[in-house]
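*Asks:* Structure in structure tokens, see below.
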Amino acid sequence: MSQAVDEIKIGGLGASRKRVEDSRFIRGKGNYTDDIVLPGMLHMEILRSPLAHARIRSIDASKAWDIPGVQLVLTGDMMATRNLAWMPTLSYDTQAVLATDKVRFQGQEVACVIADDPYIAKDACEAIVVDYEPLPAIVNPIQAVADGAPVIRDDKENQPDNVIYNWEVGDSAGTDRAFADADLVSKLQLHYPRSHPSPIECCGSIADFNRATSKLTVYMTTQAPHIIRAAVAMVAELPEHMIRIISPDIGGGFGNKVPVYPGYVCSILASILLERPVKWIEDKSGNLISTGFARDIYLDGEVALRRDGKILGVRMHCDADHGAFFSDAQPSKFKIGLLHSAFAAYDIPAAHLTARGTYSNKAPGGVAYRCSFRVTEAMFFQERMIQAAADDLGMDQADFRRMNFVRDDQFPHRTPFGFLTDSGQYAKCLDVGLKAIDYEAFRREQAEARARGRLLGLGISTMTEPLGAGNSREYDILGIKMFDSADLKVHMTGKAIVRTGAKTQGQGHETTWAQIVAHELGIPAEDVVVEEGDTDTAPFGMGTYASRSTPVAGAAVAMVSRKIRAKCRKLAAHLLEVSEEDVEWELGRFYVRSAPDRGVTIQECAVAAYSNMPDGMEPGLENTAYYDPPNLTWPFAVYIVTVEVDPKSGVWDVLKMVAVDDCGVRINPMIVEGQIMGGLTEAYAMSNMQFITFDADGNCVGANYMDYLLPTAWETPGFELHSEVVTPCPHHPIGAKGIGECAAVGGPAAFVNAVMDALSGTGVRNIDMPLLPDRVWEAITYRRDVSGAPPVRSDD
Amino acid sequence: MTMVFDDRGEETAEFPVRRIKFTINGEKKIAEVEPRLLLSHLIRQGLRLTGTHMGCDTTNCGACTVLVDGRAVKSCTMLAVQVDGHSVETVEGLATASELHPLQEGFREEHGLQCGFCTPGMMMAAKSLLEANPDPTEEEVRWALSGNLCRCTGYQNIVKSVLWAASKMRAASGE
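Listed in order, the protein sequences are those of chains R and A.
Taking our numbering, the leading residue of the first sequence gets 4, the next gets one more, and so forth.
Taking our numbering, the leading residue of the second sequence gets 31, the next gets one more, and so forth.
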């Protein structure tokens, strides 16, 4: 009889283990960047530009220097003398650290004050006088490419206009043929509005340069400590071994905490100059108007259709507004992220995508806000185009999708834009979702309600997301290949510590990585401590974003556990006095194949690694694994929403939402469901209220939580989650796929499709997100589409 | 709090200071504060109780929620001098040395937190609710927490956590 340990009891794979990190957070004993106090620490504040586009005539900081308690005032000219006025971005562009020649967006960093106290630093910022010469502002891609548009990046050579890139992918000729053969072409124009990840904790850093040791330690809010270390080494020209980046507890990231921001750089320089620790903690306005935004893409989409509903081809053109500096954090090969993952779940013979990126007088970014590099836009465009195509054909939304899905027997499948998907049960997920929402019954209810003047709608969205970049052949950031790592040390008593190159921000790595070790080695999860975020102790990794932790770092944890198990097998053979070939493994225990009662536990092997190893064996029980994934992982999901729209006010309410997520094997189902609910809420937010726009002068509308609306517990609907469909990833060591972002990626289109479905028959083809009551009311009242694109100047 | 400034040979600047007396988590304190000092900064920097977080500075996010005389207050929008003579409770006052508060247990049991940043404020707002209404409906919990933002959880589990705590507290009080 098996003497294996019970996997669920030890908190292994599939256990909804309570989270380890909670015990400090519920006591108020988290350790976030702003909680850290170092001896002699000073405080930094940033003076930001009130104008979107202006030449700087002069900066007079003399009154700031006069305020008692002020230690240093930094301006762009001072940065320039140290070659630090500009820094490289993660997308091979440059970004101003402190403005020298011009300001290029409202909220741009112009000067910094370092003082004994944050109140004094704020006072001193107000005492700095900047003389600006205003310039016309550009707030959308149409203006950016208009004849005679002012060139925003006149700092760059070979930049005669505002175009950053033109990029294309797919089969242009084949797509042209598909459209020539089409019975019907369905067209749609959309704007995915600018949004901001907006974790509740803003960005911040404490730089601590020690002249005596020449070592720079930076505590900071970063999702990718090792990338930051490489960037700091480049920018500050310090050797990498003299830089230690520590990412303590992070109060939410969602992509906002991947890039390098001027505040980090200024606090580092200030600490080097003053030889004291310098703390910078951003306020919310600073966070919302200057740090990495997301989305802001315009789509011109076309679907070529056969009369019977078969999709023959897809054509997409996207205009991406990147703001003043191209600082997207994304794989360098793909200029518009993984937008070409669109239609990966559909069997489409030909597709072609063109994309143009432009500068504007808006904050830089294009960060992957809870998504794998613009997959959110890809899936939103896809599902809006699918809905419009089905409507144009007069086909049922569910039937049209089912007819065009990649079938279960078609894997591995080459997507129309060249990705290779490997697994999924798309139709089955759809069926589970339709049953959960009671599709037929709702359609009847909808028709009856319509007859009485009530507007009900049902929206379907499906998504498959390429998660877990690399492989390293195709994915790199600034040339650094996108792999990840794990380091596992098993102590003599069989307790262990695992470190990875990822960095948790609420995803629960401290809980789940221990579960993977428990699954692989049979060591109880509570005996495994997880540590991340310190570049002096963690193995090199690319960090946590794009749902890559479980697909890449989680895989590395499994692989390093297997290396440990392989060594333990040798130790077990030695202890059992048999040859290694005669040793069998069951969870937590090796035994002799011919005598299963004769065995040793993994803990006994650990003791032996330090006290009784065979001759010639290296002592100790630790190892490191670097994991380069063979492919992305491809989770799939179906989200279905029903809504009621009030035609008199334009207000819409969610009646029911069901989510069917197939993310392969779930390590901790409780945590997975938490991720899905969080993602659905952000999807609801984007569809309903959450956006940042600009007036014609480039003033940011959405610079605080009074203007930038986030849903509260009151507005947020309830969600019904389904986990019936499990398609393990064929190449991931434990069969897991990414999940953290799926719902935020696939969710928005479900809400929008539901409202548009409620409006069917009115002739309204599109309302851009967010579907604010006034936009919905305008669409219903005037029977017209409503665009959300920022305005051009009325006097233009 | 002692402040030391560089002597630049000028007239020493005047730093108006007010002396206040208040109670924090049951302990009596005296502090000398600038009149403009925010309560949240007194708590975080003066008392080194860093469980009270600051998210937005504009009274919207609720991460800094504490109780003043038992009522939930956003401490970033109250001046420290305003608690003179009053009683303040923070997240650090929830647990005893040996026992967690039912709200703390509830948040762990129902996975009511992810990054943990909004959690102390959520729990304090919930404590204020449960003291006034020991048996709230889901809707009442949602309304009571509508001044507190969370970006991770989607609130569903936060609501469950509060209801879990309410149930446990009622059982403990013998209802």
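Just so it is clear, CB atoms sit at the ideal spot from N, CA and C, and this is done for glycine as well.
Bear in mind the structure is a predicted one, so any value in this text is a computation, not a measurement.
Would you give the residue range spanned by the alpha helix (DSSP H) that ASP394 (chain R) belongs to?
*Replies:* It spans 378–396 - the alpha helix (DSSP H) in which ASP394 (chain R) sits, taken as one unbroken run.
*Asks:* Closer than 7 angstroms, Cβ to Cβ, to anything on chain A: give me those residues from the stretch 712–725 of chain R, in chain order.
*Replies:* Result list: LEU713, THR715, ALA716, TRP717, THR719, GLY721, PHE722.
*Asks:* What residues match up with TYR35 (chain R) in a beta bridge as DSSP calls it?
*Replies:* DSSP output for TYR35 (chain R) lists R:ASP252 as bridge partner(s).
*Asks:* Starting from MET44 (chain R), find everything on chain A with Cβ-Cβ shorter than 7 angstroms and list it in chain order.
*Replies:* The contacting residues do not exist; MET44 (chain R) stays about 11 angstroms from chain A at best.
*Asks:* Could you give the first and the last residue of the continuous beta strand (DSSP E) run that contains SER800 (chain R)?
*Replies:* For residue 800 (chain R) there is no data in the structure shown, the boundaries of chain R being 4 and 799.
*Asks:* So, ARG107 (chain R) versus SER198 (chain R), is the Cβ gap smaller than 7 angstroms?
*Replies:* No. Outside cutoff.
*Asks:* Under a three-way DSSP split, which group does ASP56 (chain R) fall into?
*Replies:* In the sequence under discussion, the amino acid at residue 56 (chain R) is His, which differs from the Asp named in the question. In this structure, HIS56 (chain R) counts as coil in the three-state DSSP scheme.
*Asks:* What in chain R is Cβ-close to PRO150 (chain A), meaning under 7 angstroms?
*Replies:* Neighbours of PRO150 (chain A) on chain R, chain order: GLY31.
*Asks:* Report the residues of the stretch 67–87 of chain A with a CB closer than 9 angstroms to any CB of chain R, ordered along the chain.
*Replies:* Residues passing the 9 angstroms Cβ filter: LEU67, HIS71, ARG74, GLN75, ARG78, LEU79, THR80, GLY81, THR82, HIS83, MET84, GLY85, CYS86, ASP87.
*Asks:* Output yes or no for whether 7 angstroms exceeds the beta carbon distance between ILE246 (chain R) and LEU276 (chain R).
*Replies:* Contact: no.
*Asks:* Helix, strand or coil for TRP89 (chain R)? Go by DSSP, reduced to three states.
*Replies:* In the structure shown, TRP89 (chain R) sits in a strand (DSSP, three-state: E or B).
*Asks:* Rounded to whole angstroms, what is the Cα-Cα separation between SER250 (chain R) and TYR264 (chain R)?
*Replies:* If you take the alpha carbons of SER250 (chain R) and TYR264 (chain R), they lie about 15 angstroms apart.
*Asks:* Contact criterion: CB-CB distance below 7 angstroms. Does PRO202 (chain R) meet it with respect to chain A?
*Replies:* With 7 angstroms as the cut-off, PRO202 (chain R) counts as an interface residue toward chain A.
*Asks:* Determine the DSSP secondary structure at ARG66 (chain A), reduced to helix, strand or coil.
*Replies:* ARG66 (chain A) falls in the coil class under three-state DSSP.
*Asks:* Using the Cβ count rule (16 or more neighbours within 10 Å means buried), how would you classify ASP425 (chain R)?
*Replies:* With 16 or more Cβ atoms within 10 Å of its Cβ, ASP425 (chain R) is classed as buried.
*Asks:* Excluding five sequence neighbours on each side, which residues of the same chain lie with their C-beta closer than 8 angstroms to the C-beta of ASP798 (chain R)?
*Replies:* Confidence at ASP798 (chain R) is low in this model, with a pLDDT of 47, below 50, so its placement is unreliable and the value that follows should be read with caution. Counting only Cβ-Cβ distances below 8 angstroms, and skipping sequence neighbours, we find nothing.
*Asks:* Would you mind working out which of R:LYS484, R:VAL221, R:GLN192 sits nearest PRO334 (chain R), comparing C-alpha positions?
*Replies:* Nearest of R:LYS484, R:VAL221, R:GLN192 to PRO334 (chain R), Cα basis: R:LYS484.
*Asks:* If you measure from the beta carbon of ASN474 (chain R) to each beta carbon in chain A, is any gap under 7 angstroms?
*Replies:* Closer than 7 angstroms: no.
*Asks:* Would you check if the distance between the CB atom of ALA348 (chain R) and the CB atom of VAL306 (chain R) is smaller than 7 angstroms?
*Replies:* No, Cβ-Cβ distance for ALA348 (chain R) and VAL306 (chain R) is not below 7 angstroms.
*Asks:* With DSSP as the reference, please indicate the residues paired to VAL188 (chain R) in a beta bridge.
*Replies:* DSSP lists R:ALA307 as partners of VAL188 (chain R).
*Asks:* Output needed in chain order: residues of the stretch 285–309 of chain R with a Cβ under 7 angstroms from some Cβ in chain A.
*Replies:* Within the stretch 285–309 of chain R, the residues whose Cβ lies closer than 7 angstroms to some Cβ of chain A are ASP286, LYS287, listed in chain order.
*Asks:* Can you give the beta carbon distance from PRO53 (chain R) to GLN109 (chain R), rounded, assuming they're within the 8 angstroms contact cut?
*Replies:* Contact flag correct, Cβ pair sits at about 7 angstroms.
*Asks:* Under 9 angstroms between beta-carbons, which chain A residues line up against ASN707 (chain R)? List them in chain order, please.
*Replies:* The contacting residues are CYS86, ASP87, THR88, ASN90.
*Asks:* Check distances from the C-beta atoms of the stretch 247–260 of chain R to those of chain A and list, in chain order, the residues that come in under 9 angstroms.
*Replies:* Cβ contacts with chain A: ASP252, ILE253, GLY254, GLY255, GLY256, PHE257.
*Asks:* Assuming GLY256 (chain R) contacts GLN508 (chain R) under a Cβ cut-off of 8 angstroms, what Cβ separation, rounded to an integer in Å, is found between them?
*Replies:* Rounded, the Cβ-Cβ distance is 4 angstroms, consistent with contact.
*Asks:* What is the DSSP secondary structure of GLU139 (chain A), reduced to helix, strand or coil?
*Replies:* Looking at GLU139 (chain A) - three-state DSSP - the assignment turns out to be helix.
*Asks:* Measuring only the C-alpha atoms, how far is CYS145 (chain A) from ILE231 (chain R)?
*Replies:* Their backbone Cα atoms lie some 21 angstroms apart in a straight line.
*Asks:* Express the C-alpha separation of ARG156 (chain R) and MET689 (chain R) in angstroms, rounding to a whole number.
*Replies:* Near 31 angstroms, if we compare the C-alpha coordinates of ARG156 (chain R) and MET689 (chain R).
*Asks:* CB of PRO137 (chain R) to nearest heavy atom of the ligand MG: below 6 angstroms?
*Replies:* This structure lacks the ligand MG; in fact it carries no ligand of any kind.
*Asks:* Would you tell me roughly how many angstroms separate the C-alpha atoms of MET660 (chain R) and GLU621 (chain R), rounded to the nearest one?
*Replies:* Between MET660 (chain R) and GLU621 (chain R), the C-alpha separation is close to 56 angstroms.
*Asks:* Based on DSSP bridge pairs, tell me the residues matched to ALA640 (chain R).
*Replies:* Looking at the DSSP assignment, ALA640 (chain R) forms a beta bridge with R:MET466, R:ASP664.
*Asks:* Write down the C-beta distance between ILE209 (chain R) and TYR222 (chain R) rounded to the nearest angstrom, noting that I regard them as a contact closer than 8 angstroms.
*Replies:* That belief holds up - the Cβ atoms of ILE209 (chain R) and TYR222 (chain R) are roughly 4 angstroms apart, short of 8 angstroms.
*Asks:* In chain A, which residues lie with their C-beta within 8 angstroms of the C-beta of PHE276 (chain R)?
*Replies:* A small correction: the amino acid at residue 276 (chain R) is Leu; Phe does not occupy that position in the sequence shown. Per Cβ cutoff of 8 angstroms: no residues; LEU276 (chain R) is ~16 angstroms from chain A at best.
*Asks:* What separation, rounded to the nearest whole angstrom, lies between the Cα atoms of ARG417 (chain R) and HIS46 (chain R)?
*Replies:* So the alpha carbons of these two residues sit roughly 53 angstroms apart.
*Asks:* Around the Cβ of LYS709 (chain R), are there at least 16 other Cβ atoms within 10 angstroms (buried) or fewer (exposed)?
*Replies:* Reading off the sequence shown, one finds Met at residue 709 (chain R), where the question assumed Lys. That one is exposed.
*Asks:* Cβ closer than 8 angstroms: which chain R residues qualify as neighbours of GLN112 (chain A)?
*Replies:* By Cβ distance, chain R contributes nothing, its closest Cβ being about 17 angstroms from GLN112 (chain A), past 8 angstroms.
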